[in-house]
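Protein chains in written order, with full-length UniProt numbering: chain D, 1 to 288; chain Y, 1 to 280.
Below is the structure:
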């Protein structure tokens with residue numbers, strides 16, 4: 001076999017895009033949906049340890065589809081950038097836009113300069129103080145970044161899932177409602193639920209999905225995984241809006257920290273920034 | 001700084017290296033100038049130029065551990081701060097208190113908090129309590145040069161051990177020396193200039209398996225005793241409404257007691273002492 005002497009840049013880019021798209025479309029889908037109190041991540045993911053969804057910083061979450069090793073190294077890079085920025089400036093100076101930009105630059109560079117592009121698609125979500133300030137950024141393998149409202153679907157049959165979501169999505173849904181809409185949209189196209197094909201598509205079960213939220217009501221770190229009994233309850237309850245008791249169990253050994261609301265402000269807390277160890281952060285300032 | 005270029009033109013290679021889960025190790029390769037202990041210290045005693053934090057105490061009780069610290073920082077013979085905070089939550093299940101050069105100590109606490117959170121985010125697991133204690137020892141070890149110039153930082157670390165065997169106390173305390181020596185303490189411990197008096201007080205008031213309320217009292221009382229005899233330790237200050245900072249760590253996580261709770265305990269102690277004194 002001989003190598004061609006010349007391939008037009010157009011041809012080259014088209015080949016790479018096609019390669020990356022193929023890789024991504026083989027995977028299962030991830031939906032990122034905004035709801036009344038934040039952002040909900042739902043990933044079809046039978047593994048409970050190889051996560052597709054992760055925490056980047058206090059108010060910023062990450063979701064990805066595609067090749068695990070590639071998006072995992074990008075996730076780690078995002079956590080590092082966020083922590084370095086937060087450490088050298090202040091926690092509130094870490095924004096989703098900064099993280100999304102860094103991803104866009106890196107993915108763009110890899111796409112144009114390396115022979116094999118990354119077969120990944122990412123979502124960087126930032127939860128704001130109000131629903132209007134929530135941000136969802138979609139990043140594709142070629143480094144393009146798009147700021148999308150309401151929800152983002154990535155992966156295998158993204159178009160079909162997005163179509164389904166567009167029909168059922170309502171702004172300001174509760175967590176249980178948003179989860180139901182999201183799971184139903186993913187289930188409609190998932191091979192895991194449609195393969196049986198006796199009597200309509202079933203819904204994905206708690207074991208087949210990975211769920212996490214960025215909850216704006218939580219102080220400091222908004223990210224929380226919804227697992228185990230809490231997830232079962234939330235799925236079973238359907239449209240009942242009572243979600244207050246859905247808390248990750250504290251007792252699991254080495255569970256990630258999930259400070260409950262009311263946890264006092266620590267160093268560099270967004271609600272009490274610039275605490276140099278003197279006044280502030282919950283203590284009373286001297287009055288005279 | 002490497003970091004700012006990372007924001008503008010994608011991640012520099014160090015960010016994409018899959019080397020480890022430690023934030024400190026990562027900073028050492030990506031932005032070493034941000035690390036405490038990497039800066040040259042002038043070869044002169046600098047101890048009097050900087051505020052120093054003073055007394056920290058920690059006690060275990062039936063369901064966990066408590067840590068308290070007074071609010072005073074001194075600079076030579078001056079009080080440089082009346083409301084400094086020297087006890088912090090390190091993560092959801094551990095607390096750290098610091099005595100020594102305040103600037104370096106606070107920087108170290110900040111780095112330590114990021115270190116624990118960073119590990120948690122990268123690995124999806126929290127470090128074991130012993131792992132956290134060891135990590136802190138390494139940080140103190142890096143500060144030995146500055147410690148020799150009078151800028152020593154001596155922390156006290158305590159936490160709720162999620163892996164504690166049934167029947168053993170889940171609250172554990174670790175103390176350190178300036179060389180990074182790491183010692184697990186039984187029952188109670190104190191560091192800082194007033195630690196001698198605080199420890200003597202705890203020796204008489206602390207018993208195993210105290211309730212949370214009784215243990216809080218022993219903490220506040222030991223700080224009162226330290227302030228009584230050590231000029232660098234501040235007592236409860238009802239005029240400015242400044243009271244010791246007390247953190248409680250139990251199965252629910254680390255919580256800072258409200259000023260109201262602590263001031264009530266302090267008021268009881270002051271009333272009892274003044275009655276016992278017999279002159280007032």
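By construction, the Cβ of each residue, glycine as well, lies at the ideal position given by its N, Cα and C atoms.
Residues that residue i contacts on chain D, provided the C-beta gap is smaller than 7 Å
i	result
residue 26 of chain Y	80
residue 15 of chain Y	77, 80, 81
Chain Y within 8 Å of residue i, Cβ atoms only
i	result
residue 291 of chain D	Examination of residue 291 of chain D is not possible in this model, given that chain D is present from 1 through 288 alone.
residue 174 of chain D	no
residue 263 of chain D	Confidence at residue 263 of chain D is low in this model, with a pLDDT of 39, below 50, so the placement of that residue should be treated as unreliable; the coordinate-derived value is given next. Chain Y contact via Cβ: present.
residue 210 of chain D	no
residue 55 of chain D	yes
residue 138 of chain D	no
residue 249 of chain D	Note that residue 249 of chain D scores a pLDDT of 42, beneath 50, so its modelled location is shaky; the value from the coordinates is reported in the next line. No, no contact with chain Y.
residue 253 of chain D	Unreliable positioning characterises residue 253 of chain D in this predicted model, as indicated by a pLDDT of 40, which lies under 50. The coordinate reading is nonetheless provided below. Taking Cβ atoms only, chain Y reaches closer than 8 Å to residue 253 of chain D, which makes this a yes.
Contact test: residue i Cβ vs the ligand ZN heavy atom, cutoff 7 Å
i	result
residue 238 of chain Y	The ligand ZN is not among the ligands present in this structure, which contains no ligands whatsoever.
Beta-carbon neighbours of residue i, restricted to chain D and to distances below 8 Å
i	result
residue 114 of chain Y	83, 86, 87
Min CB distance residue i to chain D below 8 Å
i	result
residue 122 of chain Y	yes
residue 176 of chain Y	no
residue 196 of chain Y	no
residue 23 of chain Y	yes
residue 157 of chain Y	no
residue 52 of chain Y	no
residue 34 of chain Y	yes
residue 10 of chain Y	yes
Beta-ladder partner(s) of residue i, from DSSP
i	result
residue 250 of chain Y	Y/253
residue 44 of chain D	D/209
residue 182 of chain Y	Y/176
residue 191 of chain Y	Y/56
residue 54 of chain D	D/62
residue 155 of chain Y	Y/98
residue 230 of chain Y	Answer is none; residue 230 of chain Y lacks a bridge partner.
residue 163 of chain Y	According to DSSP, residue 163 of chain Y bridges with nothing at all.
residue 171 of chain Y	Y/160
residue 226 of chain D	D/211
residue 152 of chain D	D/32
residue 39 of chain D	D/34, D/214
residue 237 of chain Y	Y/242
Contact list for residue i against chain Y, beta-carbon separation under 8 Å
i	result
residue 230 of chain D	None at all; the shortest Cβ gap to chain Y is about 17 Å.
residue 168 of chain D	Result: empty, since nearest Cβ-Cβ is about 31 Å, beyond 8 Å.
Neighbouring residues, chain Y, relative to residue i (Cβ below 7 Å)
i	result
residue 30 of chain D	Residues of chain Y passing the Cβ test: none, with the nearest at roughly 17 Å.
Within chain D, partners of residue i - CB distance below 9 Å
i	result
residue 30 of chain Y	80, 84
residue 64 of chain Y	Ordered by position in chain D, no residue passes the 9 Å Cβ test against residue 64 of chain Y, which lies about 12 Å from the chain.
Under 9 Å by beta carbon: chain C residues contacting residue i
i	result
residue 188 of chain Y	The structure shown contains no chain C; its protein chains are D and Y.
What residues from the region 101-133 of chain D come within 9 Å of chain Y, judged by C-beta to C-beta, listed N to C?
Correct list: 101, 102, 103, 104, 105, 106, 107, 108, 109, 110.
Can you list, in chain order, the stretches of the beta strand (DSSP E) that have 3 or more residues and sit fully within the region 84-149 of chain D?
Runs found: 120-126, 135-139, 145-147.
Could you list the residues in the region 60-79 of chain D with a C-beta less than 7 Å from some C-beta on chain Y, going in chain order?
Hits within the stretch, in order: 73, 76, 77, 79.
Threshold first: 3 residues or longer. Then list the beta strand (DSSP E) segments lying entirely within the region 38-121 of chain Y, N to C.
Runs of the beta strand (DSSP E) inside the region 38-121 of chain Y: 56-61, 64-69, 73-75, 78-81, 87-91, 94-101.
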